[in-house]
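Q: Read in order, the letters of the sequence shown are residues 2 to 552 in our numbering.
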Amino acid sequence: MKMFLGKRMTQLLAGLLCLFPLASLAAGSDVPHIVNFINFIRDIEPRDEEITPRVLFETVRHEADAIHRYGFRGTWLLQYDALIDTQYQDMMREEMAHGCEVGGWWEITQPHVEAAGLTWRGRFPWDWHADKGFAVGYTQQERERLVDVYMEKFMELFGRLPNSIGSWFIDAHTMAYMREKYNIEGCCICRDQVGTDGYTLWGGYWAGAYYPSKVNAYMPAQTRSGQIDLPVFRMLGSDPLYQCSAGVGGAVQSVCTMEPTYVNAQQPEWVGWYLRCMTDDPALGFTYLQAGQENSFTWDAFKKGYEVQLPQIAELERQGKLKVETLIESARNFRKKYPVTPPTACTAMSDYTDNNGRTIWFNSRYYRTNILWEGNRMGIRDIHLFDEHKESPYYNNVCTSNQCVYKTMPIVDGCLWSSADDMASLRFYAFSEEGQTEELRGGEPVIKKKGKGMTISWPLKDRSGAIILTMTEKALTAGCTDRSLRWCMQLNVQPKASLPFRIIDGKKLTAEEEGFTYRLSLRKGSFTDLRQQPGWAYRIMPEKGKVEIFF
2 MKMFLGKRMT
12 QLLAGLLCLF
22 PLASLAAGSD
32 VPHIVNFINF
42 IRDIEPRDEE
52 ITPRVLFETV
62 RHEADAIHRY
72 GFRGTWLLQY
82 DALIDTQYQD
92 MMREEMAHGC
102 EVGGWWEITQ
112 PHVEAAGLTW
122 RGRFPWDWHA
132 DKGFAVGYTQ
142 QERERLVDVY
152 MEKFMELFGR
162 LPNSIGSWFI
172 DAHTMAYMRE
182 KYNIEGCCIC
192 RDQVGTDGYT
202 LWGGYWAGAY
212 YPSKVNAYMP
222 AQTRSGQIDL
232 PVFRMLGSDP
242 LYQCSAGVGG
252 AVQSVCTMEP
262 TYVNAQQPEW
272 VGWYLRCMTD
282 DPALGFTYLQ
292 AGQENSFTWD
302 AFKKGYEVQL
312 PQIAELERQG
322 KLKVETLIES
332 ARNFRKKYPV
342 TPPTACTAMS
352 DYTDNNGRTI
362 WFNSRYYRTN
372 ILWEGNRMGI
382 RDIHLFDEHK
392 ESPYYNNVCT
402 SNQCVYKTMP
412 IVDGCLWSSA
422 DDMASLRFYA
432 FSEEGQTEEL
442 RGGEPVIKKK
452 GKGMTISWPL
462 KDRSGAIILT
472 MTEKALTAGC
482 TDRSLRWCMQ
492 LNVQPKASLP
502 FRIIDGKKLT
512 AEEEGFTYRL
522 SLRKGSFTDL
532 RQQPGWAYRI
542 MPEKGKVEIF
552 F
């Protein structure tokens, strides 16, 4: 993936995939914190003539030496052109002897296509455009043939099949075929991003892992019968505070992740902050981080990031605060513990900037939501719904564009419905005696795990009482401990935002995204349509002091 944006984006790391073991890692903790070192390997880099096959191989050798120096076992994912290169074959046998995992990286190359008896349409032997270098650019029958050829070659070389596959994005037909015919047990795909390298994945399960829909590999399924029985892990370790809003209004996002090529991931203070969020701040289920890097960025570009990250991860593992696993170990643990996608949550209760930001990401098989505090302000920055029936445009059809777009169903989108000066958010307001609304302000939130959900208490500033938010697998509930306060929730957006809402009335909201109609119901409360007022979308009035949004 990661289109090489020259010196501007000279750094991309197949991040720290943090998974979870079934047992507690630290005394008194029942939320495991997992790291996977996933490095994926290409044998050619056509975007820079100085990045020769020798440079690519030496980069992988340096990566291996670095992780072994700390006693870690990694996951190596081979693109087909690297799979058929004898030097990688020899090296991977050595890595297997060290207990490392070797699997497949699912970007499509010229030798792979030609081995399958197909015609290569790319500009180079490896072409990162979606319609050439990914399975979505091929028919379902061609996708199956590409899988068969890869598996046959892998078996020939290593005497067994791979257990895991990774790709920036992959279609449900390919994923299901790999699972059913070749018993692939684990998969990883790109983090959420807007437009980076032409790939948009937006609105999905933010971090950790999920079971995908049989007709949409990016969409978490709600039922066992509707899911592919294959855990899909989100790569690259996104900054929980600032990655979401890095591309407001639909602009191509910058990168704020644990990928060691990028500036923040080479700074000891930022890496320490990220790992503290992962291991010390409130969480639910498990927290997960992928570390590692694709060799296309070369060792010189991300050596510094490794030197910063590896000792910190090693120290946290020594303290019992996290565990380094291979991808297949994490995937097997996930399948053993979770028959369907679980509710999970990760938080950041401090900020490395002067903005005094704090945040929580909550995911379940029904929805995701993100709540953000900025100083004394609180807003729900994101709500996206999941529906296993929403078929991906690439499930039956061939991608004909160099761009790829996977989306879920937005109710609140603090990225795409924002501008740099007008950030979209569902915020809390109080009514004055004259009926005017004023945004509520508050103090430090208190976040606690409650069963399979999370609760938030946000004490109000200059008022009595607190706003109480509860997130469960199927619902988000809001209330106020001050029964005398007249309050509501209102969604502000930038005035030119393209909103999906068709009907906003009473207890129902009806919307349409990419031709798919979806609805949101209120068990308590009522909607008011505010779209006639520029910069507003809707209001939710409480019922008997509560709002309950049912997903």
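Ideal placement from N, C-alpha and C gives every residue a C-beta, glycine not left out.
To the nearest angstrom, report how far apart I550 and F432 are at their CA atoms.
A: Roughly 21 Å between the two C-alpha positions.
Q: Among E95, T299 and P344, which residue has its Cα nearest to the Cα of T262?
A: Nearest option by C-alpha distance: T299.
Q: Alpha carbon to alpha carbon, what distance is there between A284 and C347?
A: If I take the Cα positions, the gap works out to 5 Å.
Q: Please check the pair G250 and S522, which I expect to be a contact at CB under 8 Å, by giving their CB distance rounded to whole angstroms.
A: The pair is not a contact, with the Cβ atoms about 29 Å apart (cut-off 8 Å).
Q: Output yes or no for whether 9 Å exceeds the beta carbon distance between N37 and G293.
A: Cβ atoms of N37 and G293: closer than 9 Å.
Q: Going by DSSP in three states, F552 sits in which element: helix, strand or coil?
A: In this structure, F552 counts as coil in the three-state DSSP scheme.
Q: Rounded to whole angstroms, what's the CA-CA distance from L441 to P411? Just pull it up for me.
A: About 24 Å.
Q: For G134, name the three-state secondary structure that DSSP assigns.
A: Three-state result, G134: helix.
Q: For K324, name the three-state secondary structure that DSSP assigns.
A: The answer is strand: DSSP assigns K324 an E or B state.
Q: Would you decide whether G516 is buried or exposed? Buried here means 16 or more other CB atoms lie within 10 Å of its CB.
A: The residue in question, G516, is exposed, as its Cβ has fewer than 16 Cβ neighbours within 10 Å.
Q: Quick check: the Cα distance between E50 and Q194, rounded to an integer number of angstroms?
A: Spanning the two alpha carbons is a distance of roughly 28 Å.
Q: Using a threshold of 9 Å, state whether the C-beta atoms of V233 and Y183 are closer than that.
A: The answer is no: Cβ separation not under 9 Å.
Q: With a Cβ-Cβ cutoff of 9 Å, do H130 and N397 count as a contact?
A: In this structure, N397 does not lie closer than 9 Å to H130 by Cβ.
Q: Exposed or buried, S465, counting other C-beta atoms within 10 Å across all chains shown (16 or more means buried)?
A: So S465 ends up on the exposed side.
Q: When you compare the CB positions of M220 and E474, do they come within less than 9 Å of one another, or not?
A: Contact flag unset, no.
Q: Should M1 and R336 be called a contact, given that it needs their Cβ atoms to be closer than 9 Å?
A: The chain is shown only over 2 to 552; residue 1 falls outside these bounds and no answer can be derived.
Q: Within 10 Å of its beta-carbon, does V137 have 16 or more other beta-carbons around it, so buried, or fewer, so exposed?
A: That one is buried.
Q: In the structure shown, what three-state DSSP assignment does F58 receive?
A: Reduced to three states, the DSSP call for F58 is helix.
Q: Given 8 Å as the limit, is there contact between the region 400-408 and the region 448-467, that is, 3 or more CB pairs closer than that?
A: With the cut-off at 8 Å, the region 400-408 and the region 448-467 do not touch.
Q: Given a cut-off of 9 Å, decide if A65 and E96 are closer than it, judged by their beta-carbon atoms.
A: Their beta carbons are under 9 Å apart, which means E96 touches A65 by this criterion.
Q: To which residues of the same chain is A266 closer than 6 Å at the C-beta, ignoring the five residues directly before and after it?
A: Contacts found: M259, E260 and G306.
Q: What residue range does the alpha helix (DSSP H) around G306 cover?
A: Where G306 is concerned, the enclosing alpha helix (DSSP H) stretches over W300 to R319.
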